[in-house]
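*Asks:* Residue numbering for the sequence shown is 31 to 155, as defined by our numbering.
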Amino acid sequence: MQEETARSAIDTFISAFNASDDSYVTGLLSQALTSDVVFWGPLGRSEGIEAVERFVLDIRRHPAGTGTMVRCSAVDMPDEWARYQWVFTTPDGGPRLAGTDVVHLRRSLIDQVIVFAGEIEPSAP
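Following this line, the structure appears as structure tokens:
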């Protein structure tokens with residue numbers, strides 16, 4: 031049951047990266063994250079949905095074009111923390127970013143996100 035709850039929150043979080051319009055990003059994040067979420071990203075620590083929204087919008091506005099973020103592994107939840115792998119690919123075989131996120135849940139919402147991004151590489155043909 032706990033893994034199912036984590037998977038749902040994670041998939042909603044990822045859907046913010048793939049929203050059809052920027053105006054939907056905040057609503058999707060609000061369904062997945064606590065208002066006081068702590069976000070550990072590539073640029074350091076930040077707090078709140080607004081900080082995560084800025085990160086998501088920056089990724090969505092990649093210079094190579096609007097990309098797609100997908101969860102590419104099962105959600106592993108050995109304890110209070112869940113982890114999963116993801117990949118972000120830009121159109122036409124542009125840059126690809128892959129990584130692993132670790133999230134902590136409180137009352138079915140993500141209250142901490144730690145992003146471990148990997149190398150940016152061109153997509154495989």
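We put the CB at the ideal spot given by N, CA and C, even for glycine.
Alpha carbon to alpha carbon, how far is V55 from E83?
*Replies:* For this step, residue 55 is matched to residue 25 along the sequence shown. For this step, residue 83 is matched to residue 53 along the sequence shown. Their Cα atoms are separated by approximately 7 Å.
*Asks:* Straight-line CA distance for R136 to R37?
*Replies:* Here the question's residue 136 lines up with position 106 in the sequence shown. Here the question's residue 37 lines up with position 7 in the sequence shown. For R136 and R37, the distance between alpha carbons rounds to 14 Å.
*Asks:* Measure the alpha-carbon distance for E80 versus G123 and round it to whole angstroms.
*Replies:* Sequence index remark: in the sequence shown, residue 80 carries index 50 (1-based). Sequence index remark: in the sequence shown, residue 123 carries index 93 (1-based). If I take the Cα positions, the gap works out to 30 Å.
*Asks:* Looking at the structure shown, is D52 part of a helix, part of a strand, or coil, going by DSSP?
*Replies:* As a first step, residue 52 is located in the sequence shown; it is residue number 22 there, counting from the start. D52: helix per DSSP, three-state reduction.
*Asks:* Which class does D141 belong to by DSSP, given the choice of helix, strand or coil?
*Replies:* Your numbering for residue 141 matches position 111 in the sequence shown. Reduced to three states, the DSSP call for D141 is strand.
*Asks:* What is the DSSP secondary structure of E33, reduced to helix, strand or coil?
*Replies:* The sequence position of residue 33 within the sequence shown is 3, counting from 1. The answer is helix: DSSP assigns E33 an H, G or I state.
*Asks:* When you compare the stretch 86-93 with the stretch 105-113, are there three or more beta-carbon pairs, one atom per stretch, that lie closer than 8 Å?
*Replies:* no
*Asks:* Is the Cβ-Cβ distance between T64 and I140 less than 9 Å?
*Replies:* Along the sequence shown, one-based indexing puts residue 64 at 34. Along the sequence shown, one-based indexing puts residue 140 at 110. In this structure, I140 lies closer than 9 Å to T64 by Cβ.
*Asks:* May I have the straight-line CA-CA distance separating D132 from V117, to the nearest angstrom?
*Replies:* For this step, residue 132 is matched to residue 102 along the sequence shown. For this step, residue 117 is matched to residue 87 along the sequence shown. The question names Asp, yet the displayed sequence has Val at residue 132. Rounded to whole angstroms, V132 to V117 spans 14 Å at the Cα level.
*Asks:* Measuring CA to CA, which of S76, A128, D41 is closest to Q142?
*Replies:* Stepping through the sequence shown from its first residue, residue 142 is reached at position 112. If we check each option's Cα against that of Q142, S76 comes out closest.
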